[in-house]
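**Student:** Taking the numbering used here, I'd label the letters of the sequence shown as residues 1 to 169.
Dropping a structure here in structure tokens format, bear with me for questions.
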Amino acid sequence: CNYCTSTSGSGQCIEGRDNHCLLHLTNPKECLDAPPSVCNEACRVLLQKGAAIGLIEAPLFCDSDTPACYHQKRKSSTLNNYVDHTLTAVKRETANMKLFHYVIHSNSPFSVSENSYFLEFINYIWPSYVPPTHYVLLHTIMDSEYAQVSIEEIDRLKKRQRLTLLFDG
């Protein structure tokens with residue numbers, strides 16, 4: 001790391017794969033001497049690498065316990081909604097993010113995306129969708145989500161006039 005010195009921490013030698021360098025720069029506990037602009041830029045690069053398309057404008061937290069999609073009524077539709085069309089890049093990335101949120105919030109292992117029964121289920125309900133591997137979920141999508149949440153939290157905290165920050169552990 002260009003910002004770590006021999007006295008500040010243990011981040012001098014970082015491998016260049018799997019976003020190690022970017023994750024190191026975004027963690028203030030590991031890279032103490034990195035300027036905030038570098039940390040923010042590393043978060044933005046992680047966000048772009050994860051390609052969180054269409055979810056950047058979405059709110060981080062919901063006001064109610066049940067999502068708004070549960071309150072919508074089904075509309076009568078044409079046969080086109082029942083035909084399996086090829087996925088666009090935006091739909092594929094949105095589906096990947098929704099799968100990631102399912103895995104995180106259900107406390108399921110990342111390897112569930114490679115389970116043969118899960119793959120059979122996905123192929124049955126949506127044949128053109130190929131779910132991401134556990135490696136992509138863990139390294140690309142999670143890093144993107146981490147960067148997005150970090151940016152939103154930093155922006156939210158900048159608006160505060162009085163702040164008490166406690167760390168436990």
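We put the beta carbon where it would ideally sit given N, CA and C, even for glycine.
In this text the structure is predicted, and so the values were computed from the model without any measurement.
Let me know the secondary structure DSSP gives V130 once reduced to three states.
**Tutor:** Of the three classes helix, strand and coil, the one that applies to V130 here is coil, per DSSP.
**Student:** Going by CA-CA distance only, name the one from P127, F110 and E120 that's closest to R92.
**Tutor:** Of the candidates P127, F110 and E120, the one whose C-alpha sits nearest the C-alpha of R92 is P127.
**Student:** Cβ atoms of L47 and F100: under 9 Å apart, would you say?
**Tutor:** Not closer than 9 Å, so no.
**Student:** Quick test of the definition: if touching needs 3 or more C-beta pairs under 8 Å, does the segment 98-114 touch the segment 137-146?
**Tutor:** Yes: at least three Cβ pairs fall under 8 Å.
**Student:** Give the C-beta separation of S113 and P132 to the nearest angstrom, bearing in mind that I take them to be a contact with Cβ-Cβ under 8 Å.
**Tutor:** Right, their Cβ atoms sit about 6 Å apart.
**Student:** According to the Cβ coordinates, are N40 and I151 closer than 9 Å?
**Tutor:** In this structure, I151 lies closer than 9 Å to N40 by Cβ.
**Student:** Here's the rule I'm using: 16 or more other beta-carbon atoms within 10 Å means buried, otherwise exposed. How should H85 be labelled?
**Tutor:** When all chains shown are included, H85 counts as exposed.
**Student:** Quick one: what does DSSP say P36 is sitting in, helix, strand or coil?
**Tutor:** Residue state, collapsed to three classes: helix.
**Student:** Quick check: the Cα distance between Y117 and I125, rounded to an integer number of angstroms?
**Tutor:** Near 13 Å, if we compare the C-alpha coordinates of I125 and Y117.
**Student:** Can you have a look at A34 and say buried or exposed, based on whether 16 or more other CB atoms are within 10 angstroms of its CB?
**Tutor:** Flag for A34 reads buried.
**Student:** Compute the Euclidean distance between the alpha carbons of C62 and I104, then round it to the nearest angstrom.
**Tutor:** In this prediction, C62 has a pLDDT of 33, which is less than 50 and means its spatial position is unreliable; what the coordinates show is noted afterwards. The alpha-carbon atoms of C62 and I104 are separated by roughly 16 Å.
**Student:** When the Cα of V90 is compared with those of S108, Y129 and S111, which residue comes out closest?
**Tutor:** The residue with the shortest Cα to Cα distance from V90 is Y129.
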